[in-house]
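Before any comments, here is the structure.
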Amino acid sequence: MDPDTVEQLRAAGESDPHIDADGRVPHGSSDDPNLLDFSANTNPEVPSGAARVFSAAFAASRSYPADDYLRFRTAAAEFVGCDPSQVIPTAGGLEAIRLAIQTTVRRGESVLVPTPSFGEYVREVRLQGGEPAPVGHDEMLDSDPAPHAMAIVCNPNNPTGDCYDAEALRAFADRCRAADTTLLVDEAFLGFTDDPSLAGRAGVVVARSLTKLFGLPGVRMGYAVASEAARDRLATARRAWSMSEPAAAVGEHCYRDEAFVERTRERVGDERERMYERLSSRFGVYPSDAPFLLFEVTDTTVDDLLLTARERGIALRDARTFRGLDSHVRVAVRTPEQNDRLLEALGV
């Protein structure tokens with residue numbers, strides 16, 4: 000990216016409500032210790048022993064980490080079902096997304112971007128001088144990928160929460176490959192489901208994060224998965240020591256805790272269904288496969304609902320920052336006790 004591109008993005012922040020004055024995308028997460036945070040979609044629980052592993056890695060942090068990250072790559076590959084050589088470690092899933100776009104999109108090239116969806120896709124495409132081509136996320140698989148350098152899908156989609164049909168997504172991946180269009184699949188929330196990953200599929204770059212599933216956003220653990228020429232580009236462009244020693248150790252530990260993953264999936268599934276039924280008595284709630292629910296506010300304003308929840312000790316996600324949404328709120332699925340507090344605060 001060149002300085003002119005960065006300045007153009009900053010200038011866009013003056014008129015684009017979906018980015019701030021620095022050209023950055025708003026995200027969920029509250030740093031107010033007095034609020035129960037339903038604005039960020041991270042697991043409220045973490046695998047047992049994660050703190051011990053992080054602490055034990057402190058001594059190793061006195062030296063540069065081994066840049067091959069073999070143990071982490073092996074654990075990640077076993078989790079998603081690919082070869083360890085296809086795993087490219089990064090400091091979080093967003094860095095994997097940037098790396099994929101950076102090594103694929105040239106200035107002036109078009110990129111299919113879903114909407115409403117994760118706002119960073121548009122920002123990263125613009126930072127590379129590319130041209131975002133918005134398409135409804137539920138219409139993406141019917142799009143023609145041929146005129147575009149890349150197509151991006153978020154599976155499950157954020158903020159709507161729905162997964163793509165696995166067979167239809169694979170067929171779209173094949174059409175992208177035939178058109179020589181790279182398909183970038185953001186699977187940040189796929190670990191909460193039993194759906195198969197596209198990791199390792201030819202022509203596809205998968206971006207993965209351990210942030211959401213394992214509840215450790217501050218550790219910055221992520222990776223991309225690619226094969227053939229795309230894998231080579233990512234491996235070459237990846238920064239040296241792209242993941243800290245504690246992050247690699249904790250990531251490996253988390254991926255080995257299969258029981259934790261199963262418990263999380265069961266809890267989220269049960270609680271999401273319960274919350275959906277209760278919230279639907281007042282709001283228009285979207286069906287979801289993810290650890291969050293999106294709903295439309297119709298009986299009051301979004302501002303009033305956010306304020307009411309805040310007065311009752313709850314932080315919600317203002318979903319109006321997502322392109323295409325103008326009266327929506329997103330809430331995370333947390334523990335049963337915490338979810339009860341949310342439902343009570345919202346009067347459902």
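Residue numbers for the sequence shown follow numbering that gives the first Met the number 0, beginning at 0 and rising by one.
Ideal placement from N, C-alpha and C gives every residue a C-beta, glycine not left out.
In this text the structure is predicted, and so the values were computed from the model without any measurement.
Q.
Contact defined as beta carbons within less than 8 angstroms: I believe residue 235 pairs with residue 220. What is the distance between those atoms, to the nearest angstrom?
A. Contact doesn't hold; Cβ gap of about 22 angstroms is too wide.
Q: Pull up the DSSP beta-bridge partners for residue 153, would you.
A: 185.
Q.
Between which residues of its own chain and residue 263 is the CB-CB distance below 8 angstroms, once the five residues before and five after are set aside?
A. 42, 44, 191, 212
**Q.** Spatially closest choice to residue 277 from 237, 311, 332, by CA coordinates
**A.** 332
Q. Based on the DSSP output, what are the partners of residue 317 in its beta bridges?
A. 328
Q. Looking only at its own chain, which residues have a Cβ that is under 7 angstroms from the Cβ of residue 66, when we skip the five neighbours before and after it?
A. Beyond the five residues adjoining it in sequence on each side, residue 66 comes within less than 7 angstroms, by CB distance, of 239, 240 in the same chain, given in chain order.
Q: Reducing DSSP to helix, strand and coil, say where residue 71 ends up.
A: helix
Q) Which residues does DSSP pair with residue 340 in a beta bridge? A) Bridge partners of residue 340: none, in fact.
Q) Hey, quick one: how far does the alpha helix (DSSP H) through residue 213 stretch, first residue to last? A) 210-213
Q | DSSP state of residue 83 mapped onto helix, strand, coil | A | In the three-state reduction of the DSSP assignment, residue 83 falls in the helix class, which pools H, G and I.
Q.
So, under 8 angstroms CB-CB, residue 204 and residue 281 are touching, yes? Tell me the CB distance rounded to an integer number of Å.
A. In fact, because the Cβ distance is near 40 angstroms, the residues do not count as touching under 8 angstroms.
**Q.** Cα-Cα separation, residue 319 to residue 166
**A.** Looking at the two C-alpha atoms, the distance is approximately 31 angstroms.
**Q.** Close-in-space but distant-in-sequence residues of the same chain around residue 169 (CB under 8 angstroms, 5 per side omitted)
**A.** 197, 200
Q: Flag this pair as yes or no: are the beta carbons of residue 341 and residue 328 separated by less than 7 angstroms?
A: no
Q. Closest by CA to residue 55, which one among 267, 294, 248?
A. 248
**Q.** Buried/exposed call for residue 258, threshold 16 Cβ in 10 Å
**A.** Residue 258 should be labelled exposed.
Q | Residue burial classification, residue 33 (beta-carbon count within 10 angstroms, cutoff 16) | A | exposed
**Q.** Selected residue, minimal CA-CA separation from residue 184, among 138, 154, 208
**A.** 154
Q: Using 10 angstroms around the beta-carbon of residue 123, count the other beta-carbons present and answer buried if the total reaches 16, otherwise exposed.
A: buried
Q: Tell me, please, which residues DSSP counts as bridged to residue 295.
A: 283, 327
(Q) Checking the sheet assignment: what are the DSSP bridge partners for residue 222? (A) 88, 207.
Q) CA-CA distance, residue 253 and residue 297? A) 40 angstroms
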